[in-house]
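Protein sequences, first through last, are from chains V and W. The numbering of the first sequence is our numbering, which starts it at 11 and goes up by one. The numbering of the second sequence is our numbering, which starts it at 147 and goes up by one. No residue lacks a Cβ here, since even glycine has one placed at the ideal position from N, Cα and C. This report concerns only the one structure given below.
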Amino acid sequence: MNVLVFADCQDGKILKSGIEAVSYASRVVEQFGGTLVTATYGTEDSSELEKLGEVGAETLFVSKTNQGTPWSLTEYLSALVRERNIELVVLSNDFTGKAILGLLGSKLDAGAVNNAVDFPKNENGFTVKSQMFSGKAFGEVRITSSIKIIALLPNAVGTVSNPKSLSIKYFEGDFNSRIKIVEEKKLETGGTVPLPEAELVVSGGRGLKGPENWGIVEDLASTLGATTACSRPVSDLDWRPHHEHVGQTGLAIRPNLYIAIGISGAIQHLAGVNGSKTIVVVNNDPEAPFFKAADYGVVADAFEFIPKFTEALKAHKANNA
Amino acid sequence: MKILVAISKVPDSTSKISFKDNNTQFDEAGIQFIVNPYDEWYALVRALELKENLGGAVTTITVGEANADPVIRKALAIGADDAVRIDAEPVDALFTANQIASFARDKGYDLIMFGKETINYNGSQVGAMAAGLLDLPYVSNASSLEVSGSSARLERDIQGGSQVIDVDLPAVISASKGMAEQRIPNMKGIMSARKKKLEVVAPIEAPRHTEVLSYSLPEAKSEVKLIDPDNPTELIELLHKEAKVI
Ligand SMILES: Cc1cc2nc3c(=O)[nH]c(=O)nc-3n(C[C@H](O)[C@H](O)[C@H](O)COP(=O)(O)OP(=O)(O)OC[C@H]3O[C@@H](n4cnc5c(N)ncnc54)[C@H](O)[C@@H]3O)c2cc1C
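Written out as structure tokens, the structure reads:
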């Protein structure tokens, strides 16, 4: 099965979710046979491109002029699919992947499965396990079209080292964006990993009473090197920016560690975070539903416990440095 | 402005999800259905605001069977002018997109709006596929939308930030949080919704490329380990040695 994988790039940096997608695709090729073609754009920096070689990319196409818009990427990838007789396209289910998945599906007349959480199987036709119902369930989905597309949920399978010698080919030709980018805005995340890719997340809820109290959340997050998140009412009340809102109507995330502070654990909140590998809940109400979904629980006033926890963590880090 | 808003029927967000027939079918027993929140709160409400400011009409379109009519009436109660239902089960994204594209083609819509994803299949595919089939510009995950003349300015979410975008109409848009505020239908809206036109259209032939063979639920968590709040070091040890996450 000839596989094309796309790794997104922003500000000249290959995204972590893109590296994971390449690692996934190279393992699919090991399992099913065939050749792997990797595509990216927006950087010629060999130290960035080498990151893809580390996880299994060999033939790497780089489009120099692509603007990275849904249509221009779709046409770039469609051209590679035709040129290289591709049967499976792998994307990351990140913002860019979500934007191009459907365009690509319609252009290639391909069945697409997004939110994939595992490697494809070939027992009952070609099937992939996909996260559905905002994290409340999974489905084993069969794709029957001759060209297939999988969008991999970030942090679902991780990355394994598989160094290969890269052969870089610059892709000539321009593709129409059909939209004009007027301005780009950066989120103020204080240099931390964006939420969908974060492995460590510290999240605050309405139990923190007001935006002025977020210092304890931020201190804990920066001590851990974690990204901050919040429950929906917190972003609705504008205590925190919208991009931090996790749950059924916000981002669905699956970090290695999710620390929930002053969050009750409503079903819509859990939907977006229950894929996390380890969940810690800090809540002063022992009956809070979140404890049922937690691995570790602390029944305590957050304002007392979190500063102590952060101090202890600093000591732990100093000892383990 | 002629605006088409795609509306889908999804289980209420408080629903406990379960399956039947050997885990091959979603169990609808006891489930309340609602308009997909992204379709309703953001796409539909913004479409209505544009109509209120610029004139025109807002039509909703749903691919679904007759059991979708109550959620379509809800969209009409919120203020859509009329509704179309393509009478087919929306089993596959490309199949569904083909139904919408085939209806919309040649009808002169300035905007075709979708929610950024549904809260059941979380597909985020149908809108983009409709854009692809109609060969129209596509703006994903837009958190704001302003129209002036024959073009629109939007802000779209991307990893780590956002982009301000200009696009010529007609265009296809997927709406995310921020584009508008939820509206609660009032009594007058609910009454008039009953009389608004809900046209039922037969589906076209279209390919189906995906099917769900079986469903499963996440593994149940084992019992929570409670930590003594006076001993934060215990939690750190557990996260370090047992969970191995820090
Ligand atoms: C259609 C729909 C979609 C939704 N989507 C989402 C979504 O995507 N994400 C989401 O989060 N919610 C969502 N919700 C809302 C959800 O139902 C809950 O209302 C919300 O998650 C509650 O947020 P919270 O836990 O921060 O606040 P609360 O429920 O008010 O909980 C606050 C918690 O803090 C605890 N607390 C109070 N003081 C302290 C203290 N000093 N120390 C420690 N703990 C303390 C309390 O015991 C309580 O458990 C949705 C709702 C609907 C209807």
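Look at the stretch 238 to 303 of chain V and you find these whole runs of alpha helix (DSSP H), each 4 residues long or longer: 242 to 246, 277 to 283. Chain order gives the chain V residues near Lys367 of chain W as Asn284, Ile289, Lys302, Ala303, Ala304, Asp305, where near means a beta carbon separation below 9 Å.
The C-beta separation of Thr169 of chain V from Val65 of chain V comes to about 6 Å, placing the pair in contact by the 8 Å criterion. When only Cα atoms are considered, Lys196 of chain V and Gly306 of chain W end up about 6 Å apart. Using beta-carbon distances, Gln245 of chain W does not count as an interface residue toward chain V, since no partner is under 7 Å. What Leu90 of chain V touches in chain W, judged by beta-carbon distance under 8 Å, is nothing: the nearest beta carbon there is about 17 Å away. Taken through DSSP and simplified to helix, strand or coil, Ile304 of chain W comes out as strand. Burial of Ser245 of chain V is indicated by the presence of at least 16 other C-beta atoms within 10 angstroms of its C-beta.
Within the DSSP secondary-structure output, Thr50 of chain V pairs in a beta bridge with V:Val72. Counted as a single uninterrupted DSSP element, the alpha helix (DSSP H) harbouring Pro80 of chain V occupies residues 80 to 93. Val156 of chain W has a beta carbon lying at 7 Å or more from every beta carbon in chain V. Burial is judged here by how many other beta carbons sit within 10 angstroms of a residue's own beta carbon; Ile273 of chain V has at least 16 and is buried. Shown here, Arg329 of chain W sits in coil according to DSSP, grouped into three states, outside any helix or strand. In this chain, the alpha helix (DSSP H) harbouring Asp215 of chain W covers 215 to 224.
Judged by DSSP in its simplified three-state form, Lys131 of chain V adopts strand.
The beta carbons of Glu292 of chain W and Tyr184 of chain W sit about 19 Å from each other, so the pair does not count as a contact at 8 Å. Boundaries cannot be given for Leu190 of chain W, as no beta strand (DSSP E) includes it and DSSP labels it neither H nor E.
At a Cβ-Cβ threshold of 7 Å, Leu150 of chain W and Ala250 of chain W count as neighbours.
Cβ atoms of Ile110 of chain V and Leu101 of chain V come within 8 Å of each other, at about 7 Å.
At least 7 Å separates the beta-carbon of Ile263 of chain V from that of Val292 of chain V.
Judged by their CB atoms, Asn12 of chain V and Gly63 of chain V are not nearer to each other than the 7 Å cut-off. Between Leu280 of chain W and Tyr306 of chain V the beta-carbon gap is near 50 Å, outside 8 Å, which marks them as no contact.
Checking the DSSP bridge columns, you'll see Ala147 of chain V partnered with V:Met142. Look at the beta carbons and you see the stretch 138 to 151 of chain V touching the stretch 343 to 362 of chain W: at least three pairs across the two are nearer than 8 Å. Ile273 of chain V has its CB nearer than 6 Å to a heavy atom of ligand 1. Restricting attention to V:Tyr268, V:Ser241, V:Pro173, the CA atom closest to the CA of Val212 of chain V is found in V:Tyr268. Residues are counted here when their Cβ sits less than 9 Å from a Cβ of chain W; for the stretch 178 to 199 of chain V these are Ser187, Arg188, Ile189, Lys190, Ile191, Val192, Glu193, Glu194, Lys195, Lys196, Leu197, Thr199, given in chain order. Interface with chain V (7 Å Cβ-Cβ cutoff): Gly307 of chain W is included. With contacts defined as CB atoms closer than 7 Å, Leu230 of chain V and Ile316 of chain V qualify as a contacting pair. Leu344 of chain W is bridged by DSSP to W:Ala229. Taken in chain order, the members of the stretch 140 to 151 of chain V whose beta-carbon sits within less than 9 Å of a beta-carbon on chain W are Ser140, Gln141, Met142, Phe143, Ser144, Gly145, Lys146, Ala147, Phe148, Gly149, Glu150, Val151. Within the stretch 190 to 225 of chain V, the runs of beta strand (DSSP E) at least 3 residues long that lie entirely inside it are, in chain order, 190 to 196, 210 to 214. Apart from the 5 residues on each side of it in sequence, His355 of chain W sits with its Cβ closer than 7 Å to the Cβ of Asp238, Leu240 in its chain, given in chain order. In this structure, the C-beta of Gln278 of chain V approaches ligand 1 to less than 6 Å from one of its heavy atoms. Distance check between Ser156 of chain V and each of V:Leu162, V:Ala120, V:Ser177, V:Asn132 places V:Ala120 closest, using alpha-carbon atoms only. Within the same chain, Cβ atoms closer than 8 Å to the Cβ of Leu323 of chain V are found at Leu230, Thr233, Leu234, the five residues on either side in sequence being excluded.
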